[in-house]
Amino acid sequence: MAYLDAYLSPCPGYGFEGGPNFSTRIVGMANGRERRNADWSIARHSYTAPFLNISKAAYRELKRMHLVCRGKLHCFRFKDYLDFQAVNEIFAIGDGVHTTFQLAKLSTIGGISYERPVYAIVAAAVTDNGVPVSPVVDMERGTVTFAAPPTNGHVLRWSGEFDVWVRFDQDNLPFTLDNVNATNGQVELLEVPPPEEES
Numbered sequence: 014m015a016y017l018d019a020y021l022s023p024c025p026g027y028g029f030e031g032g033p034n035f036s037t038r039i040v041g042m043a044n045g046r047e048r049r050n051a052d053w054s055i056a057r058h059s060y061t062a063p064f065l066n067i068s069k070a071a072y073r074e075l076k077r078m079h080l081v082c083r084g085k086l087h088c089f090r091f092k093d094y095l096d097f098q099a100v101n102e103i104f105a106i107g108d109g110v111h112t113t114f115q116l117a118k119l120s121t122i123g124g125i126s127y128e129r130p131v132y133a134i135v136a137a138a139v140t141d142n143g144v145p146v147s148p149v150v151d152m153e154r155g156t157v158t159f160a161a162p163p164t165n166g167h168v169l170r171w172s173g174e175f176d177v178w179v180r181f182d183q184d185n186l187p188f189t190l191d192n193v194n195a196t197n198g199q200v201e202l203l204e205v206p207p208p209e210e211e212s
């Protein structure tokens, strides 16, 4: 299973769908209440990308990617145009001990927070208590490693762009030839975890 540093051809049609998914088990109680249990701690994004009235050459590029990936087997980068930027996001607080941290985006409403880990980095600028620093950024896994532990209590932030690691969620690639010049179809994509650390 490989992670390709490559992109699917841009989707030229309106109707793109995508977003986060959770898995929640719900048990109804006799008194009308519910017991809800979260199976996943982290959301998994999925996408449906329509390719409408594309040329035969554009279809061949899509087909080439599907063939190289062997359907669902291999993974690649995908730019989610609905959410691909981080602006001065807090990703960690220094503790004076650790040197490696995971880049993330934080959402908070009503005192409840959700932290989304960000893995497939395109560009990242990091600050330590407002001062620009240059840690080593793992562009495939979204970790940053400092030469020395950030000072206890220092706020670590980042700004930049990121992709999502995905795979095809289909082993087939059905498209239709609707006229001599145009082909139509869609692809289903599913988010996958980042590459494992090399041993």
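According to this note's numbering, the stretch in the sequence shown is residues 14 to 212, in order. Glycine included, every Cβ here is placed at the ideal spot set by N, Cα and C.
Per-residue burial, residue i [other beta carbons within 10 Å of its own, 16 or more giving buried]
{"i": "Thr156", "result": "buried"}
{"i": "Thr196", "result": "buried"}
{"i": "Arg154", "result": "buried"}
{"i": "Arg83", "result": "exposed"}
{"i": "Ile134", "result": "buried"}
{"i": "Tyr132", "result": "buried"}
{"i": "Tyr94", "result": "exposed"}
Inter-residue CB distance, residue i and residue j (contact presumed, cutoff 8 Å)
{"i": "Asn34", "j": "Ser59", "result": "6 Å"}
{"i": "Gln98", "j": "Glu174", "result": "6 Å"}
{"i": "Ala15", "j": "His87", "result": "5 Å"}
Distance CB(residue i)-CB(residue j) smaller than 7 Å
{"i": "Arg170", "j": "Ile103", "result": "yes"}
{"i": "Lys85", "j": "Asp176", "result": "no"}
{"i": "Thr37", "j": "Arg46", "result": "no"}
{"i": "Val149", "j": "Thr158", "result": "yes"}
{"i": "Leu231", "j": "Asp182", "result": "Nothing about residue 231 can be read from this structure; the chain reaches only from 14 to 212."}
Bounding residues of the alpha helix (DSSP H) (the contiguous stretch that carries residue i)
{"i": "Leu80", "result": "Lys69 to Cys82"}
Neighbourhood of residue i by C-beta, 6 Å cutoff - its chain only, sequence neighbours within 5 removed
{"i": "Glu30", "result": "Thr61"}
Residues near residue i by beta carbon distance below 7 Å, same chain, minus five either side
{"i": "Pro130", "result": "Ile55, Gln115, Ala117 and Gly155"}
{"i": "Val110", "result": "Pro162"}
{"i": "Gly166", "result": "Ile106 and Gly107"}
{"i": "Met152", "result": "Ile134"}
Endpoints, beta strand (DSSP E) assigned at residue i
{"i": "Asp141", "result": "Ala133 to Asp141"}
{"i": "Asp96", "result": "No beta strand (DSSP E) holds Asp96; DSSP gives it neither H nor E."}
{"i": "Ala43", "result": "Element bounds for Ala43: n/a, residue is neither H nor E."}
{"i": "Phe91", "result": "Cys88 to Phe91"}
{"i": "Ala51", "result": "Glu47 to Ala51"}
{"i": "Val193", "result": "Note, Val193: premise wrong, no beta strand (DSSP E); not H, not E."}
{"i": "Asp176", "result": "Val168 to Phe181"}
{"i": "Ser120", "result": "Ala117 to Ile122"}
{"i": "Pro145", "result": "Val144 to Val146"}
{"i": "Val205", "result": "Note, Val205: premise wrong, no beta strand (DSSP E); not H, not E."}
Contact set for residue i: own chain, Cβ-Cβ below 8 Å, skip 5 residues either direction
{"i": "Met78", "result": "Ala19, Leu21, Ser22 and Phe89"}
{"i": "Leu17", "result": "Val81, Cys82, His87, Cys88, Phe89 and Arg90"}
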